[in-house]
Amino acid sequence: MQSCIFFVNQKFNSLAFNLKATKDDKLAKKLKLFLFMKNTLFALFLSVILFGCTGGGLEKTLTSKAFADQDDFNEFPKFKDKILSVEDVYDKNPDSSGGFTVKLKDTALFIQDGSKPLAKKYQDARFINSQKTAVLVQIADGAGKISPFYIITLKDGMPMAVALSMPSKGAKDKDFAKGLEEITRTTVVVNNDFVVATVRGKVYPIKRQNPSELIQGNFILYSADKSTLVFAVDKGLYQVNYLTGETMTLPVPAKVLNSETMVREIQQNYSWEKNSRGTSFLKANPDDDRIVDIREFKH
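Written out as structure tokens, the structure reads:
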């Protein structure tokens, strides 16, 4: 960019010198007009040159880091312009394949994660705090629901990227990595591994049933307080409270797990009970005559 500015300035100085060297009256008048308009013309030509030098837009590549429990995604901006924006690619270019870009002011933010291809566009992008200083994105790499998730956030006004992923060796990861699942309008589950509160910018890791693999099951229910999640896994229900880290696996007959009416049968034959710490877990009803309030069940 500096070389572009130097080039333009040199051209103007050379032209001004040549005009000053002439004794022609007409050229002298032109010189006065030129000097008067020099600043305006210089600004005009400079803007054109700078546009060419920058390739038509500003870009910044963020090297992603792994998620840590102490990460804070709810920074309050010190200045009004220190917020992120999400742009629909299709709105800008109807001929495109769609997707979203994330920007800080006029600078598009890309993500580099190790040796993976540079992520310039996202298939999903949503703010996770009301201050608009953190955006949950899923990159558009053609892998669909199993494409990686990241959080683009501001730290002291500077952008950074955090990867929402953990290593997994599960044999059926592709079957159970469902991408983003909404629990409520303000809470989502990301690939059975994270819960994201999309108003407060809070991220909670979900304790795995097996540390080396993401939960090998489908999310089906949550407790009335929305903190205990229930996954239908092989031979039972894996229950995990993402706030306390407490877990419980409840054996369930195969005929129930394989039934098309599984959720309804669970609602009829199991109830939420609180343990000594006040954490809710599903347990089998002690008898068939108990009346179950289905409002206890959420999904």
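First residue of the sequence shown: 305, per the numbering used here; consecutive thereafter.
From the three backbone atoms N, C-alpha and C, an ideal C-beta is built for every residue, glycine too.
Just so you know, these numbers come straight off a predicted model, no measurement behind them.
Buried versus exposed call for Phe355 [16 or more other C-beta atoms within 10 Å across all chains shown] | Here the model assigns Phe355 a pLDDT of 45, short of 50, so the residue's position is not dependable, and the following value carries that caveat. So Phe355 counts as exposed.
N-terminal and C-terminal residue of the alpha helix (DSSP H) that Leu561 is part of = In the DSSP assignment, Leu561 falls within the alpha helix (DSSP H) that extends over Ala558 to Leu561.
Output the boundary residues of the alpha helix (DSSP H) element that contains Asp477.
-> Where Asp477 is concerned, the enclosing alpha helix (DSSP H) stretches over Asp477 to Phe480.
For Met464, name the three-state secondary structure that DSSP assigns.
-> Three-state DSSP puts Met464 in a strand.
Burial state of Phe431 (16 or more Cβ within 10 Å) | By the 10 Å Cβ count, Phe431 comes out buried.
In angstroms, rounded to a whole number, what distance separates the CA positions of Ala588 and Leu554?
-> Roughly 9 angstroms separates the two Cα atoms.
What residue ranges within the region 380-443 form continuous beta strand (DSSP E) runs of no fewer than 3 residues, ordered along the chain?
-> Listed in chain order, they are 388-392, 404-408, 411-416, 426-431 and 438-443.
Who are the Cβ neighbours of Pro463 in its own chain at under 7 angstroms, not counting the five residues just before and after it?
-> Around Pro463: Lys364, Leu366, Leu408, Leu413 and Ile456.
Are the Cβ atoms of Ile443 and Ile415 separated by less than 8 angstroms?
-> Closer than 8 angstroms, so yes.
Going by beta carbon distance, what residues of the same chain come within less than 8 angstroms of Phe404, once the five residues before and after it are set aside?
-> Excluding positions up to five away in sequence, the list reads Val390, Glu391, Asp392, Val393, Lys425, Tyr426, Gln427, Asp428, Ala429 and Val441.
Does DSSP classify Asn579 as helix, strand or coil?
-> Note: Asn579 maps to coil in three-state DSSP.
Quick one: is Leu422 buried, meaning 16 or more other Cβ sit within 10 Å of its Cβ, or exposed?
-> The C-beta of Leu422 has fewer than 16 other C-beta atoms within 10 Å across all chains shown, which makes the residue exposed.
Below 8 angstroms on the Cβ atoms is my guess for Phe480 versus Gly521; work out the distance and round it to an integer in Å.
-> In this structure Phe480 touches Gly521 by the C-beta definition: roughly 6 angstroms separates them, less than 8 angstroms.
Among residues of its own chain, excluding the 5 on either side of Gly505, which ones have a beta-carbon nearer than 6 angstroms to its beta-carbon?
-> Short of 6 angstroms from the beta carbon of Gly505, and not among the five residues preceding or following it, lie these beta carbons of its own chain, in chain order: Phe377, Asn378, Ile432, Asn433 and Ala438.
Residues of its chain near Ala370, where Cβ-Cβ distance is below 7 angstroms and the 5 sequence neighbours each way are ignored | These residues qualify, in order along the chain: Ala467.
Who does Arg504 pair with in a DSSP beta bridge?
-> DSSP lists Asn433 as partners of Arg504.
May I ask which residues mark the beginning and end of the alpha helix (DSSP H) holding Glu569?
-> Looking at the DSSP string, the run of the alpha helix (DSSP H) that includes Glu569 is Met566 to Asn573.
With DSSP as the reference, label Lys449 as helix, strand or coil.
-> Three-state DSSP puts Lys449 in a helix.
Stretch-stretch touch, CB-based, cutoff 8 angstroms, three pairs: the region 529-538 with the region 566-586 | Using a C-beta cut-off of 8 angstroms, the region 529-538 makes contact with the region 566-586, since at least three inter-stretch Cβ pairs fall below that distance.
Using 10 angstroms around the beta-carbon of Ala528, count the other beta-carbons present and answer buried if the total reaches 16, otherwise exposed.
-> So Ala528 counts as exposed.
First and last residue of the uninterrupted beta strand (DSSP E) at Ser584 | Per DSSP, the continuous beta strand (DSSP E) segment holding Ser584 begins and ends at Ser584 to Ala588.
Same chain, Cβ closer than 6 angstroms to Gln513, neighbours up to 5 away in sequence not counted | The beta carbon of Gln513 sits closer than 6 angstroms to those of Ile519 and Tyr542, all from its chain and outside the five residues before and after it, given in chain order.
Closer than 7 angstroms: Gln513 CB and nearest the ligand ADP heavy atom | Ligands displayed in this structure: none; no statement on the ligand ADP is therefore possible.
In whole angstroms, what separates the C-alpha of Leu285 from that of Ser419?
-> Lying before the first or after the last residue shown, residue 285 is absent from the chain, which here runs from 305 to 603.
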